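K.L.:
This structure is in structure tokens; I'll ask about it shortly.
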Amino acid sequence: MSEIFVGKRKRAVARVRIKKGDKKIVINNRPLEDFPKIAQLKILEPLLIAEDENFMISAKVRGGGIMGQAEAIAQGIAKGLVSFKGEELKKKFLDYDRNLLIPDVRRTEPHKPSRSKKGPRRHKQRSKR
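Converting from the sequence shown to the working numbering requires adding 387 to each position, the first position being numbered 1.
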């Protein structure tokens, strides 16, 4: 039995498929070892908290940067593990890091007129003397 779980972070969207089996994690048809060490640790966080690594995980992720993608994958894995294991694990995840189950609502601020190339709050520099 495998289901698809979605995780989101900033502009990154991950579709994660989880099923019981040996510990094997594949992201965009590449093994986990191809990713930077810090991103690997972020992706493995839900498995370490759940204290169960006997899952075969396949993820397709698009958009964002490396860490945004890693956090989106971690969120998808956490949602999948909660559906497998139940409420006790959900409470564990929420106590550890709320963003493992609940998406972060912060988004970039839209640019304002007249300074649209420089960002939403940039003003012209002026001298006091």
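Yeah, the Cβ is synthetic: ideal placement off N, Cα and C, and Gly gets one too.
Keep in mind that this is a model prediction, so the values were computed, not measured.
Please classify GLN456: is it buried, with 16 or more other beta-carbons within 10 angstroms of its beta-carbon, or exposed?
P.N.:
buried
K.L.:
What are the boundary residues of the alpha helix (DSSP H) that includes SER470?
P.N.:
453-472
K.L.:
On the DSSP bridge list, what partners appear for LYS411?
P.N.:
Answer is MET443.
K.L.:
Taking the alpha-carbon of GLY467 as reference, which of VAL400, GLN427, GLY451, LEU488 has the nearest alpha-carbon?
P.N.:
LEU488
K.L.:
Is the beta carbon of ARG402 less than 8 Å from the beta carbon of VAL393?
P.N.:
yes
K.L.:
How long is the line joining the alpha carbons of LYS505 and THR495, rounded to whole angstroms?
P.N.:
14 Å
K.L.:
In whole angstroms, what is the alpha-carbon distance linking PRO500 and ILE430?
P.N.:
39 Å
K.L.:
Quick one, which of ARG508, GLU458, ARG398, PRO418 has its alpha-carbon nearest ASP484's?
P.N.:
GLU458
K.L.:
Going by the beta-carbon positions, is the gap between PHE442 and ALA465 smaller than 8 Å?
P.N.:
No, they are not a contact pair.
K.L.:
According to DSSP, simplified to helix, strand and coil, what is GLU420?
P.N.:
helix
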